[in-house]
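These protein sequences, in sequence, are chains A and V. Heads up, my numbering is the position in the first sequence plus 111, with the first residue counted as 1. Heads up, my numbering is the position in the second sequence plus 220, with the first residue counted as 1. Just so you know, even glycine gets a beta-carbon here, dropped at the ideal spot from N, CA and C. Note that the coordinates shown come from a computational prediction; the quantities given were computed from them, not determined experimentally.
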Amino acid sequence: MPSSFRKKGLLSLALSFLFSVSALPFSLQHSSADTLSHAQTAVEPVSHGLPATFMILPFIILLIMIATGPLFYKHFWEKHYPKVAVFLGLVVVVYYLAVLKDSHSVLHTLAEYISFIALLSSLFVASGGILIRVDREATPLFNIIFLLVAAVFSNIIGTTGASMLLIRPYIKMNRERLSPYHIIFFIFVVSNVGGALTPIGDPPLFLGFLAGVPFFWVIDNVWYIWIPALILLLTVFYFFEKFNKKEVDTSELTGKIEFKGLKNLIYLAIVIVAVFVDPAVIPWIPSLSPLPFGFREIIMFAVVYLSFKNADQEALKANEFDFEPIKEVAYLFVGIFATMIPALQLIAHEANILGKELSQGVFYWSTGALSSVLDNTPTYMNFLSAAMGKYSLDVTNKMHVIQFVSLDNVYLRAISVAAVFFGAMTYIGNGPNFMVKSISERAGIEMPSFFSYIVKYSIPVLLPIFAVIWLIFFR
Amino acid sequence: MISVSNALKQKLYGLHYKNRLILPFKAHFLKVIVNTEIITDFSPGSKGIYLKEDETFTDVYFYDYADLKSIVKKFDAIKLIVVEKDRNVFNFDNHMKLALYLEDKHYLKIEKVDEDILFVD
Numbered sequence: 112m113p114s115s116f117r118k119k120g121l122l123s124l125a126l127s128f129l130f131s132v133s134a135l136p137f138s139l140q141h142s143s144a145d146t147l148s149h150a151q152t153a154v155e156p157v158s159h160g161l162p163a164t165f166m167i168l169p170f171i172i173l174l175i176m177i178a179t180g181p182l183f184y185k186h187f188w189e190k191h192y193p194k195v196a197v198f199l200g201l202v203v204v205v206y207y208l209a210v211l212k213d214s215h216s217v218l219h220t221l222a223e224y225i226s227f228i229a230l231l232s233s234l235f236v237a238s239g240g241i242l243i244r245v246d247r248e249a250t251p252l253f254n255i256i257f258l259l260v261a262a263v264f265s266n267i268i269g270t271t272g273a274s275m276l277l278i279r280p281y282i283k284m285n286r287e288r289l290s291p292y293h294i295i296f297f298i299f300v301v302s303n304v305g306g307a308l309t310p311i312g313d314p315p316l317f318l319g320f321l322a323g324v325p326f327f328w329v330i331d332n333v334w335y336i337w338i339p340a341l342i343l344l345l346t347v348f349y350f351f352e353k354f355n356k357k358e359v360d361t362s363e364l365t366g367k368i369e370f371k372g373l374k375n376l377i378y379l380a381i382v383i384v385a386v387f388v389d390p391a392v393i394p395w396i397p398s399l400s401p402l403p404f405g406f407r408e409i410i411m412f413a414v415v416y417l418s419f420k421n422a423d424q425e426a427l428k429a430n431e432f433d434f435e436p437i438k439e440v441a442y443l444f445v446g447i448f449a450t451m452i453p454a455l456q457l458i459a460h461e462a463n464i465l466g467k468e469l470s471q472g473v474f475y476w477s478t479g480a481l482s483s484v485l486d487n488t489p490t491y492m493n494f495l496s497a498a499m500g501k502y503s504l505d506v507t508n509k510m511h512v513i514q515f516v517s518l519d520n521v522y523l524r525a526i527s528v529a530a531v532f533f534g535a536m537t538y539i540g541n542g543p544n545f546m547v548k549s550i551s552e553r554a555g556i557e558m559p560s561f562f563s564y565i566v567k568y569s570i571p572v573l574l575p576i577f578a579v580i581w582l583i584f585f586r
Numbered sequence: 221m222i223s224v225s226n227a228l229k230q231k232l233y234g235l236h237y238k239n240r241l242i243l244p245f246k247a248h249f250l251k252v253i254v255n256t257e258i259i260t261d262f263s264p265g266s267k268g269i270y271l272k273e274d275e276t277f278t279d280v281y282f283y284d285y286a287d288l289k290s291i292v293k294k295f296d297a298i299k300l301i302v303v304e305k306d307r308n309v310f311n312f313d314n315h316m317k318l319a320l321y322l323e324d325k326h327y328l329k330i331e332k333v334d335e336d337i338l339f340v341d
């Protein structure tokens, strides 16, 4: 496909996202992601009206407030962000229920949100009760090895689990020469890019797995992109490290690594196993539909309660365990999930119309751009749906998904890579980003603002790397 | 005047009332962390914090929080970096990291920051 056409497609998608979709209601073939908590692998087609374009305003307002609040009206924002997020979310919910008479989209999003927060909170609480004592100082080489191992680890316990478990020892090891870039690269590598190899790594890949993408498809098809991406990221990180001239006295350090609260590893294991407790994976698991959650979420919330109740008190104290970071994520994302319903539906609509004309590059950049600020899970499913539309296949049909995977890997690869990688572009691109930021600030590290993060790190570091990946693999 | 070291040695408690802390020592303050807020401006015009030294204690007022108890929870602490009054602030070895835990009946437990707790100078 000529590049001008690709650009046109991308532009068209971006414009339609922001401005150009008609406000007139017409039938929408629902293609957004189905909930992790539901038995089905994707939503059954539902016909209802498209939202008016202006209904993406609450989402844009929320994004702007998340970005500007901590900068320009910090104390108002700290005090009132829960009310702001809930209020903007309610505006959209009331619009869907009262104007569009569409309770399906609201319930569907509620189910997604419950799944999201169940997974995040269970990993957060279970890992918060594990203390890793590291009595050594990191060197640039050690940091690189640590981040690489952590990246692999994030495919086993998820980016959230790995982030929560490893951010504290990482900060401790670097305490004498710590700079914000240490944390930013941790977010890039461990909280996002690292988790691109398995469906456990990041929620969109898991949703793809539930939809019918074979478990090992991801590692088979993404490893050769994952490796150069990490090499590039860690090379840039190495140069940051080279210019960090802070000297460290290591004479009193023993080099020992100790663990406390290891029983919480059992709870972490339960959460990972619970991820598969879904009627779509294990047919004899009963669905709790029409409830907006399933047995998986019940298990995860039970882990929240039990792992906190039985946690090692010394580990909790040393980790300064506090529910505030997860509370912040819970409130902000309740607003984000609700306000992004219209945005995602409009994107899904446009993606399905344009699907046949879109190249892999457009899928890569569009999925990436939207995953930077939207939840990457429904974004992934919407673009998967659009890509399958090229072959007249339906994402709600598991056999179709399997057929699609065998027909053409390239679109799914572009979507999978972009959905995971681009989550690192902003603090709100992926759940763990915010938590890592919050933990770091409590440790006294002055983290860059929302804009600084993008301008100082995402654009100069991530974008060129993502462009190289596009040039090599998706052009 | 009670030094920070003496207060720690004697395991003295401070007090907390809503947005006010009363610390049983006097010191040079370099950094205070409440929740995710890092305060380093202790000048008289500072909008976030006000320090007032009395003969035997130091008052700390946090303007942005009506009640510290509502934001500093059970395992959480207000963290300080301070230097003894008679010590050289330019020597990092003199920087003392303290954790303040809000306890019941207005007691404020003061501890040297545990090595396990993340606290970057």
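Write down the C-beta distance between Met451/A and Phe170/A rounded to the nearest angstrom, noting that I regard them as a contact closer than 8 Å.
5 Å
Might you give, ordered along the chain, the residues of its own chain that have their beta carbon closer than 8 Å to the beta carbon of Tyr283/V, omitting 5 neighbours on each side?
Asn239, Lys267, Gly268, Ile269, Tyr270
Counting only Cβ pairs nearer than 9 Å, list the residues of chain A close to Lys251/V.
Gly555
Residues of its chain near Val260/A, where Cβ-Cβ distance is below 7 Å and the 5 sequence neighbours each way are ignored
none
Contact under 9 Å by Cβ, Gly323/A with Pro310/A
no
Closer than 9 Å between beta carbons: that is the criterion. Which residues of the segment 288-301 of chain V meet it against chain A?
Ile291, Val292, Lys293, Lys294, Phe295, Asp296, Ala297, Lys299, Ile301
The segment 423-435 of chain A: which residues have C-beta closer than 9 Å to a C-beta of chain V, in chain order?
Gln424, Glu425, Ala426, Leu427, Lys428, Ala429, Asn430, Glu431, Phe432, Asp433, Phe434, Glu435
Kindly say whether His186/A, judged by its beta-carbon, lies nearer than 9 Å to any beta-carbon of chain V.
yes
Taking Cβ-Cβ distances below 7 Å as the criterion, which residues of the segment 284-296 of chain A are in contact with chain V?
Arg286, Leu289
What residue range is occupied by the uninterrupted beta strand (DSSP E) comprising Thr270/A?
It is not in any beta strand (DSSP E) - Thr270/A instead sits in the alpha helix (DSSP H) that spans 251-284.
Tell me, which residues are paired with Phe282/V by DSSP?
Ile269/V
Have a look at Ile222/V, Glu304/V, Glu331/V and flag the residue whose alpha-carbon is nearest the alpha-carbon of Phe249/V.
Glu304/V
Output yes or no for whether 9 Å exceeds the beta carbon distance between Ala178/A and Phe448/A.
no
Going along chain V in order, which residues have a C-beta closer than 8 Å to the C-beta of Ile282/A?
Leu338, Val340
Buried versus exposed call for Glu276/V [16 or more other C-beta atoms within 10 Å across all chains shown]:
The amino acid at residue 276/V is misidentified as Glu; the sequence shows Thr. Burial call: exposed.
Pick out whichever of Asp433/A, Leu455/A, Pro571/A, Phe585/A has its Cα sitting closest to the Cα of Tyr292/A.
Pro571/A
So Thr256/V and Arg553/A are in contact, right, with Cβ under 8 Å, and what is the actual spacing, rounded?
6 Å
At the level of alpha carbons, what is the spacing between Ser142/A and Gly542/A?
Any reading at Ser142/A must be qualified, since the residue scores a pLDDT of 33, below 50, and its modelled position is unreliable; no value is offered.
List, in order along the chain, the chain V residues whose C-beta lies closer than 9 Å to that of Glu552/A?
Ile253, Asn255, Thr256, Glu257, Ile258
Tell me where the alpha helix (DSSP H) around Arg244/A begins and ends.
Premise fails: Arg244/A lies in the beta strand (DSSP E), 242-245, not in any alpha helix (DSSP H).
Inter-residue Cα distance where the pair is Asp145/A and Val392/A
Only weak support is given to the placement of Asp145/A: the predicted model assigns it a pLDDT of 35, under 50, and the question is left unresolved by the model.
Residue span of the beta strand (DSSP E) that contains His248/V, given as start and end:
247-254
Quick one: which unbroken alpha helix (DSSP H) runs of 4-plus residues sit fully inside the segment 419-461 of chain A? Chain order, please.
424-429
Among Ser496/A, Val347/A, Ile172/A, nearest to Ile464/A - alpha-carbon criterion
Ser496/A
Have a look at Phe494/A and Thr346/A and give me their C-alpha separation to the nearest angstrom.
31 Å
Ala413/A to Val197/A, Cα distance in whole Å?
25 Å
I'd like the span of the alpha helix (DSSP H) that includes Lys509/A, first residue to last.
509-518
Alpha carbon of Phe432/A to alpha carbon of Phe227/A, nearest angstrom
21 Å
Using the three-state DSSP reduction, which class does Asp145/A fall into: helix, strand or coil?
Any reading at Asp145/A needs caution, since the residue's pLDDT is 35, under 50, leaving its predicted position unreliable; the model's value is listed next. Here Asp145/A sits in coil by DSSP.
Quick check for students: name the residue ranges of the beta strand (DSSP E) that lie wholly in the segment 316-379 of chain A, counting only runs of 3 or more.
368-371
Across the segment 265-275 of chain A and the segment 230-250 of chain A, are there enough close Cβ pairs to call them in contact, namely three or more that are closer than 8 Å?
yes
At least one CB of chain V closer than 9 Å to the CB of Glu248/A: is that the case?
no
Chain-ordered residues of the segment 234-267 of chain A with a beta carbon less than 7 Å from chain V
Leu242, Arg244
Pair within 9 Å by beta-carbon distance, Val340/V and Leu318/V:
no
When the Cα atoms are used, what is the spatial distance from Glu335/V to Tyr502/A?
59 Å
Can you find the residues in the same chain that come closer than 6 Å, C-beta to C-beta, to Lys467/A, ignoring five residues on each side of it along the sequence?
Lys501
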